[in-house]
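In UniProt numbering, the protein residues as written are 1 to 510.
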């Protein structure tokens, strides 16, 4: 039952509209009724607040396809390598709300992945590919994700033979020439979405680490990695838009295209994520021991962004009627999360937008930490719910790294405690907008899910917690330095640990 709208009644109460189209049921619930279900709030904020460009209601538009004559002109220009003229013509057609055919959409991917035109400089080539990418995103914005249904059959492992794909695409053309070779889309170079992702972020899957290198036509022209990332950005954007387009029905969300990118187990459920998570976590610097040393670094910002967006989609679907099995996803993600270094860990926590999923990862880490400094009567909180306020102040704060060998262990642990507090605050507060009926001005409002009793307990808990918390942090720093007084970057790490500890105090004081 997804939340589909909110308003404020005459008494100033925040009212949610919860819709179940399958049963033709629409309910009204107050903030008090829903505030203790952060997953529902998470979904609402994801679907209705993340990206206004993708969540606005599209007006009814002319859905006529581009005329055959215009399509012929576009394809002729592409065949002759005159990409600029083809892209300008196609751009104008989309602006006039003429829908491109599937064949034209696939040719735009070809321009990005396998450009045939010779350019004087790499910059000119990349500008042309960027223009094709922009037009694809423009098509997505104007016509929605359905225009890209033709893309998914192009991947090698989609279950259709390559010959079948060729015939399928040949039938998409609204004109035929028996003398022409059957068309083969550039996306057939990749097995599936995850193969494209791995190659776009330069991760070599284990199945390809032995044997001859694969022939990769998309790498023939300069800028192969960046061009793959451009194609991947479009495809991920399509998948995100497809999920958002189904926002008013929980059952429709579970039928989204991204679900087809996750292989079901023998029972039909999505429970096995190892391959996908290995690819995702490679962007954060996690690799096999067999890899070269220089590959154990966090990837470029684009690769990290793609990894975060893919993980977010999996996390969001785990909140939608358990479309993606939530517990296996959290457990398999956590196994990799624990192996990240400081930079990878910090980057991952910054890019994950699904707060409840990040809170789960942080809680799993803290529950698995050294609790020798936790008061004996509070150790029972180890298995308490992540939404338990006492666990936050009486257990999490006093944990220590399970293995405390160096300052980086302390920094990582303090950072995770800080993020756990940050996610708790995000879960407990609801920010929303209301439009005044008198002056027609939009006002930002904030509601808290904390009861008066909980707020009082926080005030009491924090009264003397600040000093004890800093003492606890200093104790961990001293223990780490005693193991190795001459640690590299000791001064910098010590300063970062103390700054993070201070930020945490500022969070709970606010």
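Ideal Cβ positions, reconstructed from N, Cα and C, are used throughout, including at glycine.
Around the beta carbon of residue 11, a 10 Å sphere encloses fewer than 16 other beta carbons of the protein chains shown; the residue is thus reported as exposed.
One alpha carbon belongs to residue 483, the other to residue 341, and they sit about 19 Å apart. Taking C-beta atoms as the reference points, residue 270 and residue 325 count as a pair closer than 8 Å. In this structure, the CA atom of residue 423 is about 44 Å from the CA atom of residue 104. For residue 19, the secondary structure class from DSSP, reduced to helix, strand or coil, is strand. Residue 300 and residue 130 have their C-alpha atoms some 18 Å from each other.
Assigned with DSSP and collapsed to three states, residue 373 falls in coil, not helix or strand. Shown here for residue 286: same chain residues with a beta carbon closer than 7 Å to its own, the five before and five after excluded, namely 336, 339, 340, 344 in chain order.
Distance from the CA atom of residue 268 to the CA atom of residue 328, rounded to whole angstroms, is 14 Å. Residue 126 is a Cβ neighbour of residue 226, given a cutoff of 8 Å. Taking a contact to require three or more Cβ pairs closer than 8 Å, the stretch 316-325 and the stretch 387-394 do not qualify as touching. One thing to note: residue 78 has its Cβ within 8 Å of the Cβ of residue 111. Under the DSSP assignment, residue 27 falls in the beta strand (DSSP E) whose first and last residues are 25-30. Scanning 3, 82, 30, 18 for the CA closest to the CA of residue 9 turns up 30. Here residue 99 is bridged, per DSSP, to 65.
Assignment of residue 204 by DSSP, reduced to helix, strand and coil, places it in the coil class. A Cβ-Cβ separation of about 4 Å places residue 315 in contact with residue 357 under the 8 Å criterion.
In summary, residue 92 is exposed, with fewer than 16 beta-carbon neighbours lying within 10 Å of its beta-carbon over all protein chains present. When Cβ pairs closer than 8 Å are counted between the two stretches, the stretch 462-482 is seen to touch the stretch 500-508, the count reaching three or more. CA-CA distance, residue 199 to residue 475, rounds to 45 Å. Under DSSP, residue 3 shares a beta bridge with 18.
If you look at residue 483, you'll find it in the alpha helix (DSSP H) that goes 465-483. Shown here, residue 270 sits in a strand according to DSSP, grouped into three states. In the three-state reduction of the DSSP assignment, residue 336 falls in the helix class, which pools H, G and I. Beyond the five residues adjoining it in sequence on each side, residue 74 comes within less than 7 Å, by CB distance, of 86, 89, 90, 104 in the same chain, given in chain order.
Counted as a single uninterrupted DSSP element, the alpha helix (DSSP H) harbouring residue 133 occupies residues 122-143. The beta carbons of residue 361 and residue 395 sit no closer together than 8 Å.
Judged by their CB atoms, residue 37 and residue 355 are not nearer to each other than the 8 Å cut-off. Exclusion of the five residues before and after residue 353 leaves 46, 50, 308, 312 as the residues of its chain whose Cβ lies within less than 8 Å of its Cβ.
Taken through DSSP and simplified to helix, strand or coil, residue 400 comes out as strand. Between residue 367 and residue 382, the C-beta spacing is below 8 Å. The Cβ atoms of residue 427 and residue 480 lie no closer than 8 Å to each other. Residue pairing from DSSP places residue 324 in a beta bridge opposite 270. Under the DSSP assignment, residue 284 falls outside any alpha helix (DSSP H); it carries neither an H nor an E label. Of all alpha-carbon atoms in 502, 193, 148, 27, the one lying nearest the alpha-carbon of residue 99 is that of 148. Inter-residue distance for residue 384 and residue 18 is about 29 Å (C-alpha atoms, whole angstroms).
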